[in-house]
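Trainee: The structure's right below; bear with me while I get my questions together.
In the UniProt record's numbering, the protein residues as written are 1 to 339.
In structure tokens form, the structure reads like this:
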């Protein structure tokens, strides 16, 4: 019954506030009133909710897991990522989470739904700011944009150079973010952890993670309007990801198609090749596309695809982009130099 109510809530979407009463959902011992739908994508929906006791507002992410235990485990890996980076400034952390199991048929694995309670940022995300600039024919003040982008870069660097607290060190060898690729690469995996002293008696363990879906829509703005918050950790994986075989390459490429937004996706994720590991450089590419979008209004390849009517993926793979005031000849020379 609860699942039916939440699905009905999704169908009503933003019109929830038009009704005199709103559905409620329980996350462990707390009850929340669902106010409206904030966004959706794939199997997940994000709602604005209000704690019925404190009246504080949160963002509630509902992740549907219709394919049984494995899809639930995948959603819980996102929950683990929120906990892993909870102490890192500039990366969102979860307030709470819960798993609701569903009954399965005789031949089906039990499906489920994972709920993740997150902070709610009233100013929205960087994409909202870009959209407002486009509508108002405005632009970011240079100092403000540099401050926001520097904050994002610092958060991404912390993810790329993650230093695990001592309590987490024993768990780090048990992770497998991409099961098929991990299984085939087990014997060929490079050493992915190293020790670094953090001032305590026990050395900290460092490990690199890639976000793989950095874009303006995944960068929230804090309520003061001055600090960015990197969000949506469902795409986070350990880095580098070994690609030892064609089947592993296909698995990585399929995962990228599901979790990495096309206009900001690095070319090596469009055409994953066996024998070529995927590392944190994909995030650097996405950061560049994000900065361009802040200046121009769209990612460079989305802009070029709209201009030419060509395929977005071919624009990315061919490095086909240019600045708005750049001549076609200049763009060709720059692309040739890069090649």
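Ideal placement from N, C-alpha and C gives every residue a C-beta, glycine not left out.
1) Can you check DSSP and say which residues form a bridge with residue 40?
2) Quick one, are the C-beta atoms of residue 66 and residue 98 less than 7 Å apart?
3) With C-beta atoms as the reference, is residue 219 less than 7 Å away from residue 125?
4) Secondary structure at residue 154, three-state DSSP: helix, strand or coil?
5) What three-state label does DSSP hand residue 340 in the structure shown?
6) To the nearest angstrom, how far is the alpha carbon of residue 243 from that of residue 77?
7) Between the C-alpha atoms of residue 177 and residue 237, what's the straight-line distance to the nearest angstrom?
8) Which word fits residue 241, buried or exposed, when buried means at least 16 other C-beta atoms lie within 10 angstroms of its C-beta?
9) With respect to 6 Å, is the separation between the Cβ of residue 59 and the closest non-hydrogen atom of the ligand GDP below this value?
10) Between the Cα of residue 231 and those of 325, 79, 224, 32, spot the shortest distance and give me the residue it belongs to.
11) By how many angstroms is the C-alpha of residue 209 removed from the C-alpha of residue 161?
12) If I'm right that residue 272 touches residue 249 with Cβ under 8 Å, what's the distance once you round it to whole angstroms?
13) Nearest CA to the CA of residue 71: which residue from 51, 255, 132?
14) Taking C-alpha atoms, which residue in 224, 252, 120, 245 lies nearest to residue 235?
15) Of the choices 27, 146, 158, 50, whose alpha-carbon is the least far from that of residue 34?
16) To which residues of the same chain is residue 22 closer than 8 Å at the C-beta, ignoring the five residues directly before and after it?
17) Find the nearest neighbour of residue 285 within the set 276, 300, 227, 296, judged by alpha-carbon distance.
18) Rounding to the nearest angstrom, what Cα-Cα distance links residue 129 and residue 245 in this structure?
19) Pairing CB atoms from the stretch 260 to 269 with CB atoms from the stretch 310 to 327, are three or more of them under 8 Å?
Mentor: Result, derived from the coordinates:
1) 45
2) no
3) yes
4) helix
5) As displayed, the chain neither begins before 1 nor continues past 339, which places residue 340 out of reach and without an answer.
6) 21 Å
7) Since pLDDT at residue 177 reaches only 46, below the 50 mark, its modelled position is unreliable, and no value is offered.
8) buried
9) Among the components of this structure there are no ligands whatsoever, and the ligand GDP is therefore not found.
10) 79
11) 7 Å
12) 4 Å
13) 255
14) 252
15) 50
16) 16, 33, 34, 35
17) 300
18) 42 Å
19) yes
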